C-alpha cells in the first residue's frame, strides 16, 4: 500500500539553528500538508500546498516556516531559527482530492530543540 | 470553530468488549474522518463519512454521523489489545482544512 515517507524520524537541533524536515508524498497525490503535535497536545494544522503554492496556512505558520516542493517527489518544511517551543512531532500528509478525501499521514518526524 | 471534540477523553475496557467513542462539532461539515494514533507514531486514517451518509462500516469499525446533532460515533467491536491507541475525529469543510479534536485514549486490557 502506498505510504507517505518522512525523514528523519528524529531530529535534535540546537536553538537558533535551521532544520529541514523531508517528506515524500504518495506519487499521484496532489495536495500536501504539514501538521504538528506538541507532546500530549492536539494535532495542529500548519499549512496546505497545492499546485506548487501554499493554499492555506494557520497562525502557527509564520515567517519562521516555509515549505517547498523542490522536485516532483519531495515536500519539505523548513523551520528557521528554531525555538524550544518548536519541539514537536511534525506530520506530513498527502491527499488525492483534498478535503473531499482522506489524508494519508506519514509516521512523523520528532523534532527536539535543545 | 468546527473543531471536533471527542468524548470520553479516556476509555479502558477488557479485550472482547465493544468500545464507543463520540465526537461533537460546532459548525456544518462536508465530511468527518476518524484516525488512530499509536503512542508516538503517525496518524492512521480509519474511515471518512460524508455529510449525506449516516453510517459506514469497515471491518470491526462502525461510524455513525448525525448532522442534526452535530455528532459522530466510532464503535470498535470485539476489541483487541492491539486496538489500544488514541482515536481522533477530524472535521472537514470546503474552505477549511481538517481540524483534529483532542482525542480519546483507548486502553484495551488483555
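Residue numbers (this note's numbering), protein chains in the order written: chain V, 45 to 158; chain H, 12 to 121. Ideal placement from N, C-alpha and C gives every residue a C-beta, glycine not left out. Bear in mind that the values here come from a model prediction, so they are computed numbers and not experimental data.
Annotation for residue 54/V: the continuous beta strand (DSSP E) segment containing it runs 54-57. Rounded to whole angstroms, the separation of the alpha carbons of residue 134/V and residue 111/V is 13 Å. Taking all protein chains in view, the Cβ of residue 29/H is surrounded by fewer than 16 other Cβ atoms within 10 Å, so the residue is classified as exposed. The Cβ-Cβ distance between residue 53/H and residue 89/V does not fall below 7 Å. Put simply, the CB of residue 150/V is near chain H, with a gap under 7 Å to one of its CB atoms. Assignment of residue 129/V by DSSP, reduced to helix, strand and coil, places it in the helix class. The continuous beta strand (DSSP E) containing residue 42/H extends over residues 42-48. Nearest to residue 138/V by C-alpha distance, out of 62/V, 85/V, 92/V, is 92/V. Here DSSP, grouped into helix, strand and coil, assigns residue 103/H to strand.
Interface annotation for the stretch 79-92 of chain V against chain H: 86, 87, 89, 92, criterion Cβ-Cβ distance under 7 Å.
For residue 63/H, same chain residues with a beta-carbon under 6 Å away, outside a window of 5 residues either side, do not exist.
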